[in-house]
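K.L.:
One structure is given below, represented as structure tokens, and several questions about it will come after.
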Amino acid sequence: MISPETFWTVTILLGIGTFLIRFSFLGFLGNRELPVWIAAHLRYTAVAVFPALVTPLVLWPEATGGETEPARLIAAFAVFLVGLRFNVLAGIIAGMGTLYAMQYLLG
Amino acid sequence: MRTRAVRTFWRGFWDCAPFMIIVLPYSMVFGVVARDAGLEVYEVMAMSVLVIAGASQFTALTLMQENTPVLVILLASLTVNLRMAMYSAALVPHLGHLRLRMRALIAYMMVDQSFALAHKKYAEEPGMPRDSKAAYYFGALTAVAPLWYIGTFTGAVIGQAIPPMFSIDFAVPVCFIAMTAPMLKTPPHIVAAFVSVVAAMIFSWLPYNLWLIAAATLAMIAGAQTEFYLQRKARA
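Respectively, the protein sequence lines represent chains A and B. Residue numbering for the first sequence follows this note's numbering, starting at 6 and increasing by one per position. Residue numbering for the second sequence follows this note's numbering, starting at 170 and increasing by one per position.
What follows is the structure, encoded as structure tokens:
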């Protein structure tokens, strides 16, 4: 369960912080160049956070009590391949589809 | 003049419209998963209206369910959004002339798809008048940003009707993997993603979900260093 205090603190501060990031240059930093080494790190924020976040959700899911489930591993692999080859939406459909098929086949 | 602005607005709208097909299911999944985590419909909506940034909302939601300290949740979720400082900087030459209120609105609704589209357009048509650039951008925003509210709301309302056998919790990693895979187009991106996964496993013992911060930091450094290394090699 998420406590209301945690929820509202996170939501409000995340809202303010996100707006400040988006507003930064448009709002108050203006026509300044982003230093090269900062830009180089920012380019990889998404590929740095998402795979890490996903790893435990795939390997040790809450829904199975932290047990590794082959159906989920195979489904995760399917999303990855389809997403890489085609696009985001195809990846999502392939992933959930594979999960259901595997859960049915593997019991 | 007025009609040209209206026409450019709709051009932006229709150019961005294909992305609706991704944003709608993605936002619905957020609504469903958030309800599944125990949030009320008004709480789900409050989050989508205040933050309006899918990936960071998913991140915050996942971490909140695991009793993570607020500081770690904010650090991780805001890191996800840091890339938008880059977008903000890239838009200044094109939209920096607008009134403060307009720039604030653009900042509030800044989303990946609209930015990518407009940025490409400005590069392709350098002669585009400034007011057309603004109209085009607002058109592109209108196609996807409001859809985030509609989708989350729909997902939040129907969410409770989905039985547990559908393992809807797994939609979160599925969405993230599907978004990440198409980004792996250059060696630095691949290196960063690889380091991210390995570090998440190695540091999984860290308390307060700090493994996420450790993995993200190492992966960002790995990506940037690979980029610098390849530049040096190309010059040599």
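Each residue gets a CB set at the ideal place from its N, CA and C atoms; glycine is no exception. These numbers come from a predicted model, not from an experiment.
Taking the alpha-carbon of B/S134 as reference, which of A/R90, A/L111 and A/R77 has the nearest alpha-carbon?
P.N.:
Chain B is shown only over 170 to 405; residue 134 of chain B falls outside these bounds and no answer can be derived.
K.L.:
Would you say A/I188 faces chain B, with C-beta separation under 9 Å as the test?
P.N.:
Lying before the first or after the last residue shown, residue 188 of chain A is absent from chain A, which here runs from 6 to 112.
K.L.:
Between A/V87 and the rest of its own chain, which residues show a CB-CB distance below 7 Å, the 5 nearest in sequence each way excluded?
P.N.:
Excluding residues within five positions, the ones whose Cβ falls inside 7 Å are A95, G96 and A99.
K.L.:
For A/F33, count neighbouring C-beta atoms within 10 Å of its own C-beta (all shown protein chains included) and say buried if the count is 16 or more, exposed if not.
P.N.:
Answer is exposed; the Cβ neighbour count stays below 16.
K.L.:
Determine contact between the stretch 170-179 of chain B and the stretch 350-358 of chain B, defined as no fewer than three beta-carbon pairs at a distance below 8 Å.
P.N.:
With the cut-off at 8 Å, the stretch 170-179 of chain B and the stretch 350-358 of chain B do not touch.
K.L.:
Using only the alpha-carbon positions, how far apart do B/A222 and B/A203 sit?
P.N.:
Roughly 14 Å between the two C-alpha positions.
K.L.:
Determine the extent of the alpha helix (DSSP H) in which B/I319 is found, giving its start and end residues.
P.N.:
Residues R299 to G328.
K.L.:
Run through chain B and tell me which residues come within less than 7 Å of A/I97, C-beta to C-beta.
P.N.:
Neighbours of A/I97 on chain B, chain order: P194, V343, C344 and A347.
K.L.:
So with CB distances below 7 Å, who are the chain A contacts of B/M352?
P.N.:
Correct list: A51 and V52.
K.L.:
Figure out for me which residue from B/W380, B/M214 and B/M389 has the closest Cα to the Cα of A/P61.
P.N.:
With distances taken between Cα atoms, A/P61 lies closest to B/W380.
K.L.:
In chain A, which residues lie less than 8 Å from B/D205 when you measure between Cβ atoms?
P.N.:
Near B/D205 there are no residues of chain A at all, since even the closest Cβ is about 10 Å away, more than 8 Å.
K.L.:
Alpha carbon to alpha carbon, how far is A/A106 from B/Y291?
P.N.:
The alpha-carbon atoms of A/A106 and B/Y291 are separated by roughly 45 Å.
K.L.:
For B/G320, count neighbouring Cβ atoms within 10 angstroms of its own Cβ and tell me buried if that reaches 16, exposed if not.
P.N.:
Buried, because 16 or more other Cβ atoms sit within 10 Å of the Cβ of B/G320.
K.L.:
Comparing alpha-carbon positions, which option in B/D300, B/F182 and B/F322 lies nearest B/V210?
P.N.:
For the residues B/D300, B/F182 and B/F322, the minimum Cα distance to B/V210 belongs to B/F322.
K.L.:
Answer with buried or exposed for B/H266, where buried requires no fewer than 16 other C-beta atoms within 10 angstroms of its C-beta.
P.N.:
Exposed.
K.L.:
Under the rule that 16 or more other beta-carbon atoms within 10 Å means buried, what is A/A81, buried or exposed?
P.N.:
So A/A81 ends up on the buried side.
K.L.:
Can you give me, in chain order, the residues of the stretch 28-41 of chain A that have a beta carbon less than 7 Å from any beta carbon in chain B?
P.N.:
Those would be F28, S29, F30, L31, G32, G35, N36 and L39, in chain order.
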